[in-house]
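From first to last, the protein sequence lines are chains Y and D.
With the numbering used here applied, the first sequence covers 1 to 112.
With the numbering used here applied, the second sequence covers 1 to 113.
The beta carbon of each residue, even a glycine, is placed where N, CA and C say it ideally should be.
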Amino acid sequence: NAGVTQTPKFQVLKTGQSMTLQCAQDMNHNSMYWYRQDPGMGLRLIYYSASEGTTDKGEVPNGYNVSRLNKREFSLRLESAAPSQTSVYFCASSAQGVVEQYFGPGTRLTVT
Amino acid sequence: QQQVKQSPQSLIVQKGGISIINCAYENTAFDYFPWYQQFPGKGPALLIAIRPDVSEKKEGRFTISFNKSAKQFSLHIMDSQPGDSATYFCAAYSGAGSYQLTFGKGTKLSVIP
């Protein structure tokens, strides 16, 4: 039981490049989330998927897109990376009707 | 607009001392208040949580105190240990179909021997 896994762990992009961050969970959770963490800013919600087939914007969605591929997988795409998107990205999941969220180990992204 | 204000930003405590981190919120619709612990290079992990129908919850050395009228809650770590050195985040959740946790900005705790 790996919990929530994220790939890659580290990534460096040039401005304008695109990439997809991958997230998978093996806890049969219905809901999945993408956060970004910046120094002194806490965690801010980018997008979430309450259940398979649905996605909704969070607090800071601009510049990102998401895909809930199936119940296990939720990906985050940066179409044209900007230096302001340099951050640590966390994926999380939770069971239906349960508030507790379980976080992955994070992806550290640097955009130059 | 920050809905959960957390203080202090950083905290240094001697081993065996009490660590206290405070949070205040504005939205009275919040009905669940978790604390997360994050070690360097790791994702946050749920530490302890409380609902507003109780004023205190204790799990081992960790206690949440909740003051509904003041819209404040705090985390107390008794007998603090160097292994408790981490960043702590308070959060709030409003339920009612919302899936969004609102996090404080975090407190970096250092417990020195």
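So is residue i buried or exposed if we call it buried at 16+ other beta carbons inside 10 Å?
i	result
Ser80(Y)	exposed
Thr15(Y)	exposed
Gly16(D)	exposed
Val12(Y)	exposed
Met32(Y)	buried
Pro44(D)	buried
Gly106(D)	buried
Arg36(Y)	buried
Ile112(D)	exposed
Gln6(Y)	buried
Phe39(D)	exposed
Ser69(D)	exposed
Ile12(D)	exposed
Thr112(Y)	exposed
Val4(D)	buried
Thr87(D)	buried
Would you list the one or two residues that DSSP bridges to residue i?
i	result
Phe90(Y)	Tyr35(Y)
Ala86(D)	Leu109(D)
Val4(D)	Tyr25(D)
Glu73(Y)	Ala24(Y)
Gln72(D)	Ala24(D), Asn67(D)
Ser92(D)	Checking the displayed sequence, the identity of residue 92(D) turns out to be Ala instead of Ser. BP columns for Ala92(D) point to Thr102(D).
Met19(Y)	Leu78(Y)
Gln6(Y)	Cys23(Y)
Val66(Y)	Leu76(Y)
Do the stretch 99-107 of chain Y and the stretch 7-23 of chain D touch if we need at least three Cβ pairs shorter than 8 Å? no
Tell me which residues of the stretch 39-51 of chain Y have at least one Cβ-Cβ distance to chain D shorter than 7 Å, keeping chain order. Gly40, Met41, Gly42, Leu43, Leu45, Tyr48, Ala50
Members of the stretch 83-102 of chain Y near chain D, C-beta cut-off 7 Å: Phe90, Val99, Glu100, Gln101
Which full runs of the beta strand (DSSP E) of 3+ residues lie inside the stretch 35-62 of chain Y, going along the chain? 42-49
Looking at C-beta atoms only, is the number of pairs between the stretch 64-73 of chain Y and the stretch 47-55 of chain Y that lie closer than 8 Å three or more? yes
Anything in the stretch 12-46 of chain D with a Cβ closer than 9 Å to a Cβ of chain Y? List those residues in chain order, please. Tyr32, Pro34, Tyr36, Gln38, Gly41, Lys42, Gly43, Pro44, Ala45, Leu46
For the stretch 88-108 of chain D and the stretch 30-37 of chain D, state whether three or more C-beta atom pairs, one from each stretch, are separated by less than 8 Å. yes
Secondary structure, beta strand (DSSP E): runs of 3+ residues fully inside the stretch 24-59 of chain D: 33-38, 45-50, 56-59
Contact between the stretch 64-79 of chain D and the stretch 87-102 of chain Y (3+ Cβ pairs under 8 Å): no
May I ask you to list, following chain order, the residues of the stretch 97-113 of chain D that have a beta carbon less than 8 Å from some beta carbon of chain Y? Tyr99, Gln100, Leu101, Phe103, Gly104, Lys105, Gly106
Please name the residues in the stretch 48-79 of chain Y whose beta-carbon is closer than 8 Å to at least one beta-carbon of chain D, in chain order. Tyr48, Ala50, Asp56, Gly58, Glu59
Could you please tell me which residues of the stretch 76-94 of chain D, in chain order, have their CB closer than 7 Å to any CB of chain Y? Phe89, Tyr93
Against chain D: residues of the stretch 3-23 of chain Y by CB proximity under 7 Å: none
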